[in-house]
Structures are given as C-alpha cells and as structure tokens.
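Colleague: Here it is, the structure, as structure tokens.
Numbering (our numbering), first residue to last: 172 to 856.
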C-alpha cells in the first residue's frame with residue numbers, strides 16, 4: 172500500500188492543486204458579476220438591465236418573496252451601476268467598479284434593519300464634462316502631436332464619470348503646471364476606446380484593465396513614442412509624489428537637498444566650488460523641488476549649485492541678517508565674497524525662473540578656467556569678447572591661493588568693475604579722464620576682469636608672475652603667507668602678418684610642431700605693485716590700457732601653458748546613480764509578485780491544466796506498472812539473472828597476451844602416433 176501511494180504521489184499532488192484552484196482561487200479571482208446578480212447575460216443593454224430590475228421589483232412588491240437586505244443592496248447597486256452609461260462602459264470594457272466598497276458600508280450601516288429603510292440611490296453620480304476641465308484633453312487625432320521632438324510626456328487616463336478622477340482634477344492641474352516646459356501633459360478620457368485600450372494593461376484573458384483603478388498615469392520617457400517603452404506610475408496620487416517620480420525616474424534629474432540653519436554652511440556653502448553661484452530656495456511647505464527647478468539645476472550645474480531651506484518663523488531674524496530674506500518663498504543668489512546677495516521673493520514659474528537664472532548664472536568676477544578662458548577672452552589662442560575683428564584687448568586677473576586675502580581682493584576687483592561700468596555724475600573731470608581708457612575698454616568688451624586659482628593653476632600662474640615672491644601666490648601653500656597678485660595682460664593680433672603670411676611647407680616635422688605651438692596673439696604682462704585702494708587700481712589699469720593702445724610695443728609671441736582642467740563636480744555620484752532607491756526595490760518586488768499572481772491566480776486555465784496533468788501522470792504510472800514482466804520459475808530453462816544482476820554491467824576479465832605459461836591440455840598438441848583420417852564425401856576429395 173505504501174509503495175502504491177508513493178508511486179501515485181505526483182498525480183495526487185497535481186489533482187489536489189487543481190481542486191484548490193477550481194474551488195478557491197478561481198472563484199475569488201472571478202466573482203459573480205453584476206449581470207449575474209440581476210440574472211441576465213453579460214454585456215446586456217441598459218433596457219435589458221431595467222427590465223430585469225423591474226421583474227425583481229415586481230416579485231418583491233407582489234409578496235412572492237421578501238428580499239434579504241444584503242440581496243437588495245447588491246441588486247440595487249448592480250442596477251444603478253449598469254444603468255449609468257459611463258459606469259457601464261467602464262465596467263464592461265475595463266472591469267472598473269470603483270464604488271464596490273459602498274456595499275459593505277451600507278451593509279454595516281443598515282445591519283439588522285429592513286431593506287425599506289435604506290436610502291436610495293446608493294451611488295453618487297459625478298456631473299463632469301470636458302468643459303469643466305481646464306486641461307489639455309487628448310484625442311486619437313492629436314495623440315501623435317504630443318511626441319513631436321524629444322519631449323517626454325505624462326498622460327492621465329480617466330473617465331469623466333469617475334469620482335476618483337474628479338477628486339484628482341485639482342492635483343492634476345498643479346502637476347501639469349509644475350511640468351510645464353519640461354514635459355508634455357494631457358488627459359485621455361476612456362471614451363477614446365482604441366487609444367485607451369492600447370495604453371491599458373492586459374489580463375491573461377486579454378481583457379484590458381487598470382490595476383490600481385482610475386485615474387491611471389502613464390509616462391513616455393524622452394524619445395519613447397510607442398507603448399513598448401511606457402512606464403506606469405504605481406505610487407500615491409499626490410502632487411509631490413507624482414512630480415518627484417517623473418523627475419527622478421523618467422527624466423533622471425538630480426534631487427536638490429534640504430539643509431538646516433546649522434548644516435547649510437558646513438555641508439553646502441563650504442563644499443561648493445568657488446567658481447559656482449550658490450542658489451538657495453526658501454520654502455514654507457517643505458515640498459521637493461519642482462521638476463523645472465531640477466531641470467535647471469541639471470542644465471546650469473557647471474555654473475551654479477542649488478539648495479533648499481525650510482523656512483521657520485523663529486529663524487527669520489537669522490536669515491534676514493545673513494541673506495536679507497524677509498519671508499518665504501524666496502530665492503537667493505550668492506556670488507563673489509563681499510558681494511550683496513541677490514534676493515527674489517514670491518513664487519516662481521518655469522519661464523521666470525529661467526530668466527533670472529540666465530541673469531545670475533555668472534559670478535561678478537568669473538574664474539579663469541580651462542572651460543572659460545576662450546569665453547572670457549583671456550586666451551592668446553582665441554579672440555576678444557568684442558569680436559574677431561578686435562586687434563588689441565586686455566584681461567585683468569587677480570591670482571592667489573584660497574584665503575581671506577584672495578576673497579577680499581576678489582571683492583575689491585568686483586567693485587572696480589562696477590565703478591568702471593557705471594556712469595557717475597559726481598566724478599570730477601580729472602577723475603573721469605583718468606579712468607576713461609579703462610571704462611571705454613570695459614564698455615566695448617575689450618577689457619575683462621577674472622580671478623585665477625594660483626594653487627590649482629601653478630604652472631600657468633608662474634608663467635605670468637615670474638618673480639622671487641611668486642611662491643606666495645602660485646603653487647601649494649608652504650607657509651602662512653598668502654599674497655594675491657593683480658596683473659593685466661595685453662593681447663594683440665598682427666592681422667597683416669596673419670593675412671599675408673605665405674603658406675610654406677615646413678622643412679621638417681619639428682618646424683611644423685614649433686610653428687603650431689606659438690600663440691597667434693602676442694602677450695605683454697604688467698604686474699600691479701601699488702596699494703589696495705580702488706582709485707589707485709582703476710588709474711593703473713587705465714594707464715596700462717592707454718599705453719597699450721597708443722604706444723608701439725613689441726609684438727612678441729610665445730607658448731602659453733594650458734590651463735589645467737579642474738575636476739568637475741558631478742551632479743550625482745556614480746554610486747548614487749547605480750544604487751536603486753528603496754521605493755524602486757519595493758516596486759520591483761511588487762511587480763514580480765503581481766506578475767506571478769496574474770499568471771497563476773488570474774488565469775482560469777490553470778485549474779484545468781493541473782487536472783489534465785494529474786490524469787496524464789496517473790495514466791502513465793498505471794501503464795508502466797501494468798506492463799511489468801513477471802519472473803519465470805521453469806526448471807528446464809536456465810535461470811535468468813534477476814533485474815539487479817541484469818542491470819549490472821559485466822566486467823570483462825583480462826586476457827593473457829600469450830599461451831606461454833598455460834598448462835598442456837588435449838587440444839594443445841597432437842600425439843606422436845596420430846594421423847588424419849579422410850572421410851568419404853568430404854571437401855578434400
């Protein structure tokens with residue numbers, strides 16, 4: 172008995188699994204429909220629903236059968252659902268029954284009471300129309316227009332008869348406003364059946380459905396124009412959650428962190444590169460940065476770094492004294508040391524924020540770097556900011572190591588630039604005349620002010636400041652002495668020489684390399700050795716420009732060292748980008764479990780397949796056992812080896828190579844007196 176049970180264990184397990192699916196899993200996955208409750212076939216018309224409901228009501232009124240309260244609630248619910256055209260359409264095509272919880276609520280509310288006391292109707296209809304939504308409504312005709320270019324898109328699938336969609340409409344308006352300029356947004360009503368079913372998910376039976384009900388959000392990443400690459404939103408329908416998911420998952424934008432009063436200086440201001448503008452947002456709500464702000468942070472990351480601060484009334488005095496912020500929301504731009512912060516109060520939108528970012532993306536005194544030298548006109552291999560036709564131009568540079576002294580001189584030079592760029596009526600004639608060359612050159616963009624990191628650009632710094640004291644300005648810090656140095660470079664191009672220069676073939680490779688390495692523009696350097704007074708600095712710069720423009724100075728070309736490319740500050744570290752977030756991991760696990768359930772619990776074919784497998788397994792095992800060969804016990808026949816012996820491979824005995832040592836036998840040799848006897852009829856005759 173035990174051996175028989177063991178042999179048929181697999182068919183029994185498959186049979187038990189088939190019965191479990193048929194009796195428990197399938198009924199739960201496919202409960203009776205509202206049509207079954209009314210006793211009519213699926214997808215019956217509204218007239219047939221009314222007729223079935225009237226027949227049931229007539230039976231109740233005639234006293235043929237008294238309705239049970241729960242039965243009355245279910246029948247009334249099915250009637251109200253299937254007589255509403257929008258609800259019926261959503262239920263028939265997409266299986267949407269978003270008010271099913273009403274049955275349990277009414278059941279608990281009227282427990283133990285007669286059905287006549289139940290207030291009707293059970294369901295609250297939503298009077299919603301396209302005109303009620305101040306939003307972009309998508310149709311099948313204009314759907315393709317959303318994907319013109321490379322702009323991503325976020326689409327809300329909803330029904331104007333849905334209560335959930337009506338509640339979400341205000342939040343959707345905010346989401347669309349926050350994504351303005353970053354992504355296309357639109358609302359798709361389920362009445363566009365072909366498009367709605369194309370964007371919906373599919374059950375194993377082929378029916379389109381929305382796993383989390385309505386509204387359902389689907390996103391198309393940049394460059395995605397088909398449903399094969401769309402991404403579905405599965406989180407909470409909050410403005411902050413939706414916009415953060417879209418900005419992070421779909422657009423890959425960096426998050427902007429919040430800092431407290433204590434951590435802002437240590438973790439943000441002290442770590443940001445000196446050439447960058449610091450942009451600080453003050454928020455009352457503590458919401459994450461809007462997608463258009465994060466998009467700007469990605470586009471301007473070479474010029475600026477961004478931070479958020481939660482505004483607290485008890486800290487208002489501190490923020491006013493630090494950055495002159497009076498209230499939130501506000502935006503602060505921190506530029507050069509000693510320069511007054513630029514503050515904007517009030518809410519921002521995409522266009523206005525991009526405008527003020529463009530105005531404030533540069534520091535007052537830009538840093539001379541490998542990526543900015545051409546733009547600033549401080550490179551002998553390039554041209555002036557005034558244009559390619561400009562022959563002579565100037566670049567005033569303050570060089571030094573990071574120190575309070577350098578910060579002070581940067582502020583001084585920024586003030587010099589401001590004074591030269593502004594026309595002041597209170598200046599005397601002599602003062603106006605003394606700074607006129609510098610003011611004119613700055614106005615015509617022939618003069619540029621910048622600062623140089625003498626420690627990072629040691630070779631470049633020493634090239635211009637060759638002196639006994641240059642170690643106080645250039646290179647690594649060897650002592651406590653840090654002396655910033657101001658110098659000005661006059662660049663001049665010999666247009667005649669460049670234009671009339673004949674094209675000669677180089678005599679050798681060395682001549683070609685040497686000619687290519689010479690800078691196109693000549694350079695003359697003048698170092699400032701005066702006081703830190705602003706008037707003195709302006710007069711010195713003006714005198715240098717006056718002499719450079721009027722005097723016939725030598726045209727000397729040389730090879731200027733290249734600026735060392737500084738390590739760029741990444742938006743996200745490689746580790747942060749490669750490590751998935753907790754929500755991403757949870758969603759992945761949830762997606763795997765849902766896929767398993769859809770294919771197991773939601774497929775009605777699983778039960779019959781398991782039952783068929785059980786029957787086939789049972790038949791195969793029975794057939795094998797019935798065809799087993801019985802053992803023969805006849806004595807006349809040689810005994811057959813049993814099944815175990817027959818199954819064992821017979822080992823071949825090793826054969827001896829020669830018969831040299833074998834003992835003699837009757838077949839080994841012929842006797843001496845023997846002879847061959849010829850038989851009659853043999854082949855030898």
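For each residue, glycine too, the CB sits at the ideal point set by N, CA and C.
The structure presented is a predicted model; accordingly, all values stated were derived computationally and were not measured.
Sorted by chain position, which residues of the same chain lie with C-beta nearer than 6 angstroms to residue 326's C-beta, five sequence neighbours on each side aside?
Modeller: Counting only Cβ-Cβ distances below 6 angstroms, and skipping sequence neighbours, we find 357, 359 and 389.
Colleague: Suppose you measure from the CA of residue 785 to the CA of residue 794; what does that come to, to the nearest Å?
Modeller: A straight-line Cα-Cα distance of about 14 angstroms links residue 785 and residue 794.
Colleague: In this structure, does DSSP put residue 161 in helix, strand or coil?
Modeller: In the structure as shown, the chain begins at 172 and stops at 856. Residue 161 is therefore absent and cannot be evaluated.
Colleague: Which of the three DSSP states is assigned to residue 502 in this structure?
Modeller: strand
Colleague: I need the boundaries of the beta strand (DSSP E) containing residue 619, first residue and last residue.
Modeller: 618-624
Colleague: State the CB to CB distance for the pair residue 463 and residue 524, rounded to an integer number of angstroms; the pair is presumed to be in contact (CB under 8 angstroms).
Modeller: 7 angstroms
Colleague: Could you tell me which of 627, 719, 649 and 713 sits nearest to residue 736, measuring between CA atoms?
Modeller: With distances taken between Cα atoms, residue 736 lies closest to 627.
Colleague: Do you know how far the Cα of residue 215 is from the Cα of residue 260?
Modeller: 11 angstroms
Colleague: Would you mind sorting residue 555 into buried or exposed? The rule is 16 or more other CB atoms within 10 Å of its CB.
Modeller: buried
Colleague: For residue 142, tell me which candidate among 219, 734, 290 and 328 has the shortest Cα-Cα distance.
Modeller: Given that the chain is displayed from residue 172 to residue 856, the structure contains no residue 142 and the question cannot be resolved.
Colleague: Just checking, does the segment 396-408 make contact with the segment 436-454 on the three C-beta pairs under 8 angstroms criterion?
Modeller: Verdict: no, contact absent.
Colleague: Would you kindly work out how many angstroms separate the C-alpha atoms of residue 434 and residue 567, rounded to a whole number?
Modeller: If you take the alpha carbons of residue 434 and residue 567, they lie about 36 angstroms apart.
Colleague: For residue 334, which residues in the same chain have their Cβ closer than 6 angstroms to its Cβ, ignoring the five residues on either side in sequence?
Modeller: Only 297 meet the Cβ criterion.
Colleague: Can you give me the Cβ contacts of residue 278 inside the same chain, cut-off strictly under 8 angstroms, excluding the 5 residues immediately before and after it?
Modeller: 240, 241 and 244
Colleague: Between the Cα of residue 134 and the Cα atoms of 412, 393 and 447, which residue gives the shortest distance?
Modeller: There is no way to answer for residue 134, as the model of the chain reaches only from 172 to 856.
Colleague: Per DSSP, residue 327 forms a beta bridge with which residues?
Modeller: 358 and 388
Colleague: Is the number of C-beta pairs between the segment 512-531 and the segment 562-576 that are closer than 8 angstroms three or more?
Modeller: Short answer: they don't touch.
Colleague: Between the alpha carbons of residue 497 and residue 482, how many angstroms are there, rounded?
Modeller: 10 angstroms
Colleague: Tell me the DSSP secondary structure of residue 632 in three-state form.
Modeller: helix
Colleague: Nearest-angstrom Cα distance between residue 815 and residue 776?
Modeller: Below a pLDDT of 50, predicted positions are generally treated as unreliable, and residue 815, at 47, falls in that range; no measurement from the model is reported.
Colleague: CA-CA distance, residue 557 and residue 395?
Modeller: 43 angstroms
Colleague: Decide if residue 191 is buried, meaning its Cβ has at least 16 other Cβ atoms within 10 Å, or exposed.
Modeller: exposed
Colleague: Would you call the CB atoms of residue 480 and residue 451 closer than 9 angstroms?
Modeller: With respect to the 9 angstroms criterion, residue 480 and residue 451 are classified as neighbours on the basis of their beta carbons.
Colleague: Please report the distance separating the alpha-carbon of residue 615 from that of residue 307.
Modeller: Going by C-alpha positions, residue 615 is about 48 angstroms away from residue 307.
Colleague: So which of 449, 174, 706 and 472 has the shortest CA-CA distance to residue 590?
Modeller: Per the Cα distances, 706.
Colleague: Quick one: is residue 693 buried, meaning 16 or more other Cβ sit within 10 Å of its Cβ, or exposed?
Modeller: buried
Colleague: Using alpha carbons as the reference points, say which of 228, 629 and 267 lies closest to residue 378.
Modeller: Looking at the Cα atoms, 267 is the closest of the given residues.
Colleague: Leaving out five residues before and five after residue 468 in sequence, what residues of the same chain have Cβ atoms less than 7 angstroms from its Cβ?
Modeller: Scanning its chain for C-beta atoms nearer than 7 angstroms, with the 5 sequence neighbours on each side dropped, one finds around residue 468 the residues 425, 427 and 477, in chain order.
Colleague: Look up residue 573 in the DSSP assignment and say whether it is helix, strand or coil.
Modeller: coil
Colleague: Tell me whether residue 640 sits in a helix, a strand or coil according to DSSP, three-state version.
Modeller: coil
Colleague: Terminal residues of the continuous alpha helix (DSSP H) containing residue 661?
Modeller: Element bounds for residue 661: not the alpha helix (DSSP H) but the beta strand (DSSP E), 656-663.
Colleague: In chain order, what residues of the same chain have a beta carbon less than 8 angstroms from the beta carbon of residue 689, not counting five sequence neighbours either side?
Modeller: 728, 729 and 730
Colleague: If I follow the unbroken beta strand (DSSP E) through residue 408, where does it start and stop?
Modeller: Residue 408 -> no beta strand (DSSP E), and no H or E assigned at all.
Colleague: In whole angstroms, give me the CA-to-CA distance for residue 806 and residue 797.
Modeller: Legend: pLDDT at residue 806 = 47, less than 50; position of this residue unreliable, value from coordinates given subsequently. When rounded, the distance between both Cα atoms is 26 angstroms.
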